[in-house]
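To convert, note that position 125 of the sequence shown is 125 in the working numbering; the numbers rise steadily by one, no gaps. Beta carbons: idealized from backbone N, C-alpha and C, even for Gly. Note that the structure is predicted; figures quoted are calculated from it, not measured. What follows is a single structure, written as structure tokens, with notes after it.
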Amino acid sequence: DVKTLETEWFEFPDDRVGCRRGHMDDQERIWCADFMGNGLVMFNTKTREFEGNWTMPTPWTRPYDAHYDDKQYVWAGGMDSDLIVRFDPESGKLNQYLLPHRTNIRNVLTQKGGPDELSSFWVGDQHAASITHIEALTP
Numbered sequence: 001d002v003k004t005l006e007t008e009w010f011e012f013p014d015d016r017v018g019c020r021r022g023h024m025d026d027q028e029r030i031w032c033a034d035f036m037g038n039g040l041v042m043f044n045t046k047t048r049e050f051e052g053n054w055t056m057p058t059p060w061t062r063p064y065d066a067h068y069d070d071k072q073y074v075w076a077g078g079m080d081s082d083l084i085v086r087f088d089p090e091s092g093k094l095n096q097y098l099l100p101h102r103t104n105i106r107n108v109l110t111q112k113g114g115p116d117e118l119s120s121f122w123v124g125d126q127h128a129a130s131i132t133h134i135e136a137l138t139p
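What follows is the structure in structure tokens.
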């Protein structure tokens, strides 16, 4: 807390869940990758509660970073499966995109689209010295 300089801890609802990297969206919700639990976690800073935990459709995806775009999606990169996942919090739908080669994902980035464009996803590869860009064809 900025005013009191006190640290406030929030316990995860499940001992197996824990945030790796994550980012805040425009509604002040923190989205993070649940590496050990193979999912995505959302913490609402207004209610100060965990309000979601979504499991990846593919076992051992193990997302390492999650990033909310400017449209409506949460993008995550799977460290152990070379999959990118795009999650729609409104519908609960998870889309998966297989990368062209092994990447060992640590950080992910989203690129904002224009008013009539979809956002896109960027990820670097620490093994093959490359950058991959994913543009979804449909919302």
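Check	Outcome
Throw me the rounded Cβ distance for the residue 77 and residue 108 pair, which I believe falls under 8 Å.	5 Å
Let me check understanding here. Comparing Cα to Cα, which of 62, 81, 37, 27 lies closest to residue 47?	27
Sort out for me which residues DSSP pairs residue 63 with in a bridge.	78
Just grab the DSSP bridge partners of residue 83 for me.	98
Report yes or no: do the region 101-120 and the region 36-55 share at least 3 C-beta pairs separated by less than 8 Å?	no
At what residues does the beta strand (DSSP E) containing residue 40 begin and finish?	39-44
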